[in-house]
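Structure record follows, encoded as structure tokens.
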Amino acid sequence: RLEADVTDRAMIRAIMREFAPEVVIHLAATSDDDPEAMVDAEIGGAFGVLEASRQYYERLDDEKRDRFRIVHAERAESDVPEKLTRPQAARGAAAALLDRWARANDLPLVTCVAGEAFGPWQPQSSFMARLMSSLVNQRPFHLEMGGETVRDWLPIRDMASGLLRAAEVAPAQSRFDLSVGAERRDIDIAESVCALLDERTPMADGELWSSLLIVEGDGLVASGGPMMDSHEAERELGWRPGGFHTGLDRLLTWALASHAASQARRTAQTERLAAE
37 RLEADVTDRA MIRAIMREFA PEVVIHLAAT SDDDPEAMVD AEIGGAFGVL EASRQYYERL
97 DDEKRDRFRI VHAERAESDV PEKLTRPQAA RGAAAALLDR WARANDLPLV TCVAGEAFGP
157 WQPQSSFMAR LMSSLVNQRP FHLEMGGETV RDWLPIRDMA SGLLRAAEVA PAQSRFDLSV
217 GAERRDIDIA ESVCALLDER TPMADGELWS SLLIVEGDGL VASGGPMMDS HEAERELGWR
277 PGGFHTGLDR LLTWALASHA ASQARRTAQT ERLAAE
């Protein structure tokens, strides 16, 4: 494991030479909303990885060249036009750069298109992370746009397995949708999580967890989820995702265990302070 700045082109080239990879999976991103930093991180980083991969690829012998792949994940576009945030726009530009540069240089790029990935250790700014955090801490959760925004949800473990299958068997310059058919409105997702919490850990006062949901705004301006088809990925890659409900169950188990561990640490700290 080596942590480095993906925009450091000399470093990326050195990493290629040292590790001699069979596959490069490019997932580097930034949460920085500063426009200049976004360009450096998203577009500059993508170019750095691609150029280093190109130089490395050209030095490989025929057998290794045939096996080598560059895999990257691309965010699925909504079927309803929406105003993109700066990070989304920058990542879209970086994805376009990856594709055009790879084709121009005849590089073995494989693109995996995915919607909203969810699972443990995801950014706290994501919808699912905010929902889980609010509910397990019994705080109200606000659903904007009437909760009508539609997203295509993909468990992070299924996404990872799809990327690995693409790296192993996908043809060069191919493109696959990674989806488990879980197009859901935000309100559907929130109510599903609340129903699982009602089963696993009912509220002490007898209230339902859905009482913490607050719906705001007009659903008429909500965006629609992307229409995706994973049959090609399942057929050509042999991809076998676990599915939405398995992923949601795993995430909730992790969130509850993390919350319980956090509470235990706070209790132990309070008891130590009281003893002192």
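Each residue of the sequence shown is one higher than the one before, starting from 37 at the first, in our numbering.
Where is the CB? At the ideal position from N, CA and C, for every residue including glycine.
If you look at Ala-226, you'll find it isn't in any beta strand (DSSP E); it sits in the alpha helix (DSSP H) that goes 222–236. Residue range 280–311 is occupied by the alpha helix (DSSP H) that includes Trp-290. Ser-210 has Val-146 as its beta-bridge partners, per DSSP.
Put simply, the backbone Cα of Ser-228 is about 50 Å away from that of Glu-94. The beta strand (DSSP E) runs of length 3 or more contained entirely in the stretch 44–110 are, from start to end of the chain, 59–62. Just measuring C-alpha positions, the residue of Glu-268, Ser-89, Leu-284, Ala-46 sitting nearest Val-60 is Ser-89. For Arg-271, the enclosing alpha helix (DSSP H) has its first and last residue at 267–273. In this structure, the CA atom of Met-47 is about 8 Å from the CA atom of Ala-40. Within the DSSP secondary-structure output, Trp-189 pairs in a beta bridge with Glu-152. Taking the C-beta atoms as reference points, Ser-210 is found nearer than 8 Å to Val-146. Proximity to Glu-113 across Asp-102, Ala-132, Gln-91, Gly-151 peaks at Gly-151, based on C-alpha coordinates. Leaving aside the five residues that flank Thr-43 on each side, the residues in its chain whose CB is nearer than 7 Å to its CB run, in chain order, Asp-76, Ala-77, Gly-80, Gly-81, Gly-84.
Residues of the same chain with a CB within less than 6 Å of the CB of His-267, apart from the 5 flanking positions on each side, do not exist. Contact check for Leu-244 against Leu-171 fails: the beta carbons are separated by 8 Å or more. In the DSSP assignment, Val-172 falls within the alpha helix (DSSP H) that extends over 163–172. Segment contact: the stretch 130–145 against the stretch 172–185, fewer than three CB-CB distances shorter than 8 Å; contact not assigned.
Taking the CA atoms as reference points, Asp-194 sits about 15 Å from Glu-204. The continuous stretches of beta strand (DSSP E) do not include Leu-256, and DSSP gives it neither H nor E.
As the crow flies, the alpha-carbon of Ile-250 is around 41 Å from that of Gly-274.
For Val-251, the beta-bridge partners assigned by DSSP are Leu-179. In this structure, Pro-191 places its C-beta atom within 8 Å of the C-beta atom of Gly-283. Under DSSP, Glu-219 takes part in a beta bridge, and its partners are Asp-188. If you compare the alpha carbons of Met-52, Arg-220, Leu-63 with that of Phe-280, the shortest gap goes to Arg-220.
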